[in-house]
Amino acid sequence: MAAVAINPKWRVSAGVAWQWQQRMNEYRYRHSNARQLQLACSVSISMNGCELCGNEVQFPISISETHTLPTVPTLHSAPAQLILALSALRAQPPLFASGIIRLQVPIRERGDAIEWLHAQKHKSLFPRCFFSARSGTGTIDFPISTGTSSNPNNLDPCNNPVSVAGVGSAVFFRGSDPFSIHHWTSIKRFLSRESPLIRAYGAIRFDASSNVSPEWEDYGSFYFIVPQVEFDELEDGSILAMTIAWDDSLQYTWHTAISQLQATLHQICPYLTKINKESSLGTNIASLSHVPKKPCWDNSVKKALQMIRGADSDLVKVVLARCSRYLTDICIDPIELLACLRVEGQYAYQFCIQPPNAPAFVGNSPEQLFHRKNLNIASEALAGTRPRGFTNFEDLHIGQDLLFSPKDNIEFTIVRENIQRKLEAICNEVVVEPKKALRKLPRVQHLCAQLSGKLPTEDHEFEVLKTLHPSPAVGGLPTEEARRFIEENEMFDRGMYAGPVGWFGGAESEFAVGIRSALIGKGNSTRVYAGAGIVEGTNPSSEWEELDLKASQFTKLLQSKEPEICYQETENITTSL
Numbered sequence: 000m001a002a003v004a005i006n007p008k009w010r011v012s013a014g015v016a017w018q019w020q021q022r023m024n025e026y027r028y029r030h031s032n033a034r035q036l037q038l039a040c041s042v043s044i045s046m047n048g049c050e051l052c053g054n055e056v057q058f059p060i061s062i063s064e065t066h067t068l069p070t071v072p073t074l075h076s077a078p079a080q081l082i083l084a085l086s087a088l089r090a091q092p093p094l095f096a097s098g099i100i101r102l103q104v105p106i107r108e109r110g111d112a113i114e115w116l117h118a119q120k121h122k123s124l125f126p127r128c129f130f131s132a133r134s135g136t137g138t139i140d141f142p143i144s145t146g147t148s149s150n151p152n153n154l155d156p157c158n159n160p161v162s163v164a165g166v167g168s169a170v171f172f173r174g175s176d177p178f179s180i181h182h183w184t185s186i187k188r189f190l191s192r193e194s195p196l197i198r199a200y201g202a203i204r205f206d207a208s209s210n211v212s213p214e215w216e217d218y219g220s221f222y223f224i225v226p227q228v229e230f231d232e233l234e235d236g237s238i239l240a241m242t243i244a245w246d247d248s249l250q251y252t253w254h255t256a257i258s259q260l261q262a263t264l265h266q267i268c269p270y271l272t273k274i275n276k277e278s279s280l281g282t283n284i285a286s287l288s289h290v291p292k293k294p295c296w297d298n299s300v301k302k303a304l305q306m307i308r309g310a311d312s313d314l315v316k317v318v319l320a321r322c323s324r325y326l327t328d329i330c331i332d333p334i335e336l337l338a339c340l341r342v343e344g345q346y347a348y349q350f351c352i353q354p355p356n357a358p359a360f361v362g363n364s365p366e367q368l369f370h371r372k373n374l375n376i377a378s379e380a381l382a383g384t385r386p387r388g389f390t391n392f393e394d395l396h397i398g399q400d401l402l403f404s405p406k407d408n409i410e411f412t413i414v415r416e417n418i419q420r421k422l423e424a425i426c427n428e429v430v431v432e433p434k435k436a437l438r439k440l441p442r443v444q445h446l447c448a449q450l451s452g453k454l455p456t457e458d459h460e461f462e463v464l465k466t467l468h469p470s471p472a473v474g475g476l477p478t479e480e481a482r483r484f485i486e487e488n489e490m491f492d493r494g495m496y497a498g499p500v501g502w503f504g505g506a507e508s509e510f511a512v513g514i515r516s517a518l519i520g521k522g523n524s525t526r527v528y529a530g531a532g533i534v535e536g537t538n539p540s541s542e543w544e545e546l547d548l549k550a551s552q553f554t555k556l557l558q559s560k561e562p563e564i565c566y567q568e569t570e571n572i573t574t575s576l
């Protein structure tokens, strides 16, 4: 067992013990004052989303560390390394009242994070999450620091993963109140620059002030987890990692946390499950219903246009959305659906968030909300939609039509200038380059601009999130007028659709806009969400066709043969999944 002792400092000498005792005294002094703070955040530190509520503490946890174990050739060898290391941890616990420790095993072989997640079938492994950064977009981004690798095959575990899949929750954040600076602080206290791969993955509601429908209840106003066990897919290898978090002030002790983690680790499947990433899931659509139905959509668009043209209204743009409920002949595996989306979605963010006993929120979003690395911030404006052409000539013609469309140019300019003004209010300087270009995706193309800036301090990250969401691309302008119009006229709950989805880290965070997304129910029901921007010059029927185009990636996957769809016109969809 001595050969796998994780940290030599834990063999406590008299001098080290005295230093730890001093740190513990300092922590207890700070904590005695912090206990008086009562903040409206539900923080649970447990596997499987079992909430343990407690007072939020403003100070960072006492210890945050990452330990890298010897590199193994294949995934099959990695769990045994972690189990052995966990036994060493149990034998030599750290002397702190709170902390978070990540143990990771580099793997020479590159594995697919989705295939690893698909193999983890045991229900005790929920919640689960998946996040994949997009590639090949030419979007402004920041160079990844490579550091110096100490493992035999030069595999650097500090590299940003291509994709991350996680199960269980080392620490869990969920609240019913709108996401606030207090909630952000409660998440960040578990994160540090020294452990860059300890991240909190999750999503935030589009509008936390609106009523929550049954299908979204398990998500609350926001839902984030630091996974207990995660698989990181790298460019040149993989990492299997486990994270243990504890905090006596939240009535979740080291001994409880390590017992929970040990139980989870023994449920982990050490293999990848191959997924048939075809153009269809082998399902067929039995029925399809839209909220709103077409006549109601036309009325809402006309009402919005009247307000936009009215002298007594400041409304310039509003984004109206549609919820389409598909009933299929067999149940849908959300991870299989996500894998199929990735085949044609390499230029988008893929994500999956699923609390225990809840539907899965999955998506294939082309739109970045923001990416922060240290003080650097990147964002983008995305608006206007056209299909791709069947030939290069047709594709060029369609793209030119989008570039010079008066209606789309109005919508795009509103979005770009609004995001630029918001960033300029926070950042020292903002660069917009390019100011207008085409973003070509496999099925659709958009107008796009890229923006970058520099924050005064890293603590301004929350201001960026608060300021950029909702952008005019998913809400409208002015923000509050558009929000009220959506609340009064949309007949379904957007939930996390069009809200921020991504991750917080110590020195880096990245969020996409949760569009091109769906909520996969536990039965045969799938809700697909799509939206369209309404500005002067909008045609209701054209926007309805745009909704169909944006939802087509899901329709294609859900329908394995020529559809014989029974359309059910419904005013509202609120039935629980």
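According to numbering that gives the first Met the number 0, the residues represented by the sequence shown are 0 to 576, in order.
The beta carbon of each residue, even a glycine, is placed where N, CA and C say it ideally should be.
Here the structure is a predicted model, which means the values were calculated and not measured.
Query raised in the report: Is it a yes or a no for the region 309-323 touching the region 472-485, going by three-plus beta-carbon pairs under 8 Å?
Result: Verdict: yes, contact present.
Query raised in the report: Hey, is the region 276-296 in contact with the region 322-335, meaning 3+ C-beta pairs nearer than 8 Å?
Result: Segments in contact, yes.
Query raised in the report: How long is the line joining the alpha carbons of V253 and H121, rounded to whole angstroms?
Result: For the record, residue 253 in the displayed sequence is Trp; it is not Val. C-alpha separation (whole angstroms): 24 Å.
Query raised in the report: Hey, how far is the Cα of G513 from the Cα of P358?
Result: Distance between the alpha carbons of G513 and P358: 16 Å.
Report task. Pull up the CB-CB distance for K293 and W543, whole angstroms please, since I reckon it's below 8 Å. Result -> The pair is a contact, with the Cβ atoms about 6 Å apart (cut-off 8 Å).
Query raised in the report: How long is the line joining the alpha carbons of F189 and W296, rounded to whole angstroms?
Result: Between the alpha carbons of F189 and W296 lies a gap of roughly 45 Å.
Query raised in the report: Per DSSP, which one or two residues make a beta bridge with S288?
Result: R324.
Requested in this report: Within its chain, find whatever has a CB closer than 8 Å to the CB of I197; leave out the 5 residues flanking it on each side and keep chain order.
Outcome: In its chain, beyond the 5 residues on either side, S63, T65, I99, R101, F189, L190, S191, V225, T242, G504 and G505 have a beta carbon closer than 8 Å to the beta carbon of I197.
Query raised in the report: Which residue comes first and which comes last in the alpha helix (DSSP H) that contains I197?
Result: Unbroken run through I197: none, as it is neither H nor E.
Query raised in the report: According to the Cβ coordinates, are G362 and S131 closer than 8 Å?
Result: For G362 and S131, no; Cβs fall outside 8 Å.
**Report entry** Identity of the residue in F230, L450, S194 and V527 nearest E423 by Cα
**Finding:** Selected option, being the one with the closest Cα: L450.
Query - Counterpart residues of S589 in DSSP-defined beta bridges - result: Missing from the structure shown is residue 589; the chain here goes from 0 to 576 and no further.
Query raised in the report: So, L81 versus L264, is the Cβ gap smaller than 8 Å?
Result: Yes. Within cutoff.
**Report entry** Best match in Q444, P93, G522 and F411 for proximity to H396 [C-alpha to C-alpha]
**Finding:** Closest in C-alpha terms to H396, from the list Q444, P93, G522 and F411, comes Q444.
Report task. Have a look at R420 and T73 and give me their C-alpha separation to the nearest angstrom. Result -> Computed Cα separation, rounded: 49 Å.
Query - Contacts around Y28, its chain only, beta-carbon distance under 7 Å, and the 5 residues preceding and following it disregarded - result: Any reading at Y28 must be qualified, since the residue scores a pLDDT of 34, below 50, and its modelled position is unreliable; no value is offered.
Query raised in the report: Near I334, which residues of its chain fall below 6 Å by C-beta distance, leaving aside the five closest residues on each side in sequence?
Result: Excluding positions up to five away in sequence, the list reads L116 and H117.
Report task. For the beta strand (DSSP E) containing K273, list its first residue and its last residue. Result -> K273 -> no beta strand (DSSP E), and no H or E assigned at all.
Query raised in the report: Which runs of the alpha helix (DSSP H) fall wholly inside the region 376-428 and span at least 4 residues, in chain order?
Result: Listed in chain order, the complete alpha helix (DSSP H) runs (minimum 4 residues) inside the region 376-428 are 391-402 and 405-423.
Query raised in the report: Between N523 and the rest of its own chain, which residues show a CB-CB distance below 8 Å, the 5 nearest in sequence each way excluded?
Result: Contacts found: A285, L326, T327, D328, I329, C330 and I331.
Query raised in the report: What is the residue span of the alpha helix (DSSP H) that Q367 lies within?
Result: The continuous stretches of alpha helix (DSSP H) do not include Q367, which lies in the beta strand (DSSP E) extending over residues Q367 to K372.
Requested in this report: On the DSSP bridge assignment, give the partners of G174 in chain order.
Outcome: Looking at the DSSP output, G174 bridges to F221.
Query raised in the report: Using the C-alpha atoms, what's the distance from P69 back to V500?
Result: Answer to the nearest angstrom: the Cα atoms are 33 Å apart.
Query raised in the report: Can you tell me whether DSSP reads F553 as helix, strand or coil?
Result: Correct three-state label for F553: helix.
Query raised in the report: Over what stretch of residues does the beta strand (DSSP E) that includes F360 continue unbroken?
Result: Counting along the chain, the beta strand (DSSP E) containing F360 begins and ends at A359 to S364.
Report task. For the beta strand (DSSP E) containing K122, list its first residue and its last residue. Result -> Here K122 belongs to no beta strand (DSSP E), and DSSP marks it neither H nor E.
Query raised in the report: Touching or not, the region 422-438 and the region 461-468, by the rule of three or more beta carbon pairs under 8 Å?
Result: Segments in contact, yes.
**Report entry** Span separating the alpha-carbon of G174 from that of A164
**Finding:** Taking the straight line joining both Cα atoms gives about 23 Å.
Query raised in the report: At a cut of 8 Å, does the region 430-444 reach the region 392-406 through at least three beta carbon pairs?
Result: In short, these stretches touch, since the Cβ pair count reaches three.
**Report entry** Proximity to L260 [Cα-Cα], best of L83, L546 and K555
**Finding:** A check of alpha carbon separations from L260 across L83, L546 and K555 identifies L83 as the nearest.
Report task. Quick one: residues in its chain with C-beta nearer than 6 Å to the C-beta of P59, no 5 flanking neighbours on either side, listed in chain order? Result -> These residues qualify, in order along the chain: R188.
Query raised in the report: So A207 packs on P177, CB below 8 Å; how close in whole Å?
Result: Rounded to the nearest angstrom, the Cβ distance from A207 to P177 is 4 Å, consistent with a contact under 8 Å.
Report task. Go ahead and pull the three-state DSSP assignment for V104. Result -> Of the three classes helix, strand and coil, the one that applies to V104 here is strand, per DSSP.
Query raised in the report: When we look at the beta-carbon of D492 and count the other beta-carbons within 10 Å, is it buried (16 or more) or exposed?
Result: D492 comes out buried.
Query raised in the report: Between Y222 and G201, is the Cβ-Cβ spacing less than 8 Å?
Result: Contact: yes.
Query raised in the report: Of the choices L94, A531 and P213, whose alpha-carbon is the least far from that of L518?
Result: Nearest of L94, A531 and P213 to L518, Cα basis: P213.
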